[in-house]
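Notes for the one structure printed next.
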Amino acid sequence: AIALTTDSSILTAIANDFSYEDVFSRQVEALGNPGDLFWGISTSGNSPNVLKAAVTARKKGLISIGFTGESGGKLRENCDLCLCVPSKVTARIQEVHITAAHIVCQIAEERLAK
Numbered sequence: 368a369i370a371l372t373t374d375s376s377i378l379t380a381i382a383n384d385f386s387y388e389d390v391f392s393r394q395v396e397a398l399g400n401p402g403d404l405f406w407g408i409s410t411s412g413n414s415p416n417v418l419k420a421a422v423t424a425r426k427k428g429l430i431s432i433g434f435t436g437e438s439g440g441k442l443r444e445n446c447d448l449c450l451c452v453p454s455k456v457t458a459r460i461q462e463v464h465i466t467a468a469h470i471v472c473q474i475a476e477e478r479l480a481k
């Protein structure tokens, strides 16, 4: 697993040399392989940098999961599976995302341990 948000050198270099909208898609382009999992999180479902990464992931044959709020925005259209929290309150949406992410990680850890 690779978190595309943790390497500040990569993030600032891509944002500076290309654009902030490219900070995730450029990494997906370089690191993603068919069958890998892309997990995009956007409260609105319309964050340009997350959307661009989801589109890149789909083009490269990655499995895409989205976590959004309300109707899912444009991210929903670009994911194989999307959890759309039916709320307009950012804090409630993010609380559900955190809980769901913990559950997904627990399931993955249990399956990998077998």
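Following the numbering used here, the numbering of the sequence shown begins with 368 at its first residue and continues without gaps.
Glycine is no exception: its CB is placed at the ideal position from the N, C-alpha and C atoms.
- C-alpha of Ala424 to C-alpha of Val390: approximately 13 Å in a straight line.
- Ser438 and Glu396 have their C-alpha atoms spaced approximately 27 Å apart.
- Of all alpha-carbon atoms in Thr466, Cys446, Arg459 and Thr410, the one lying nearest the alpha-carbon of Ala420 is that of Cys446.
- For the segment 391–476, the full-length alpha helix (DSSP H) segments reaching 4 residues or more read 392–398, 415–427 and 440–444 along the chain.
- Less than 8 Å separates the beta-carbon of Arg459 from that of Val452.
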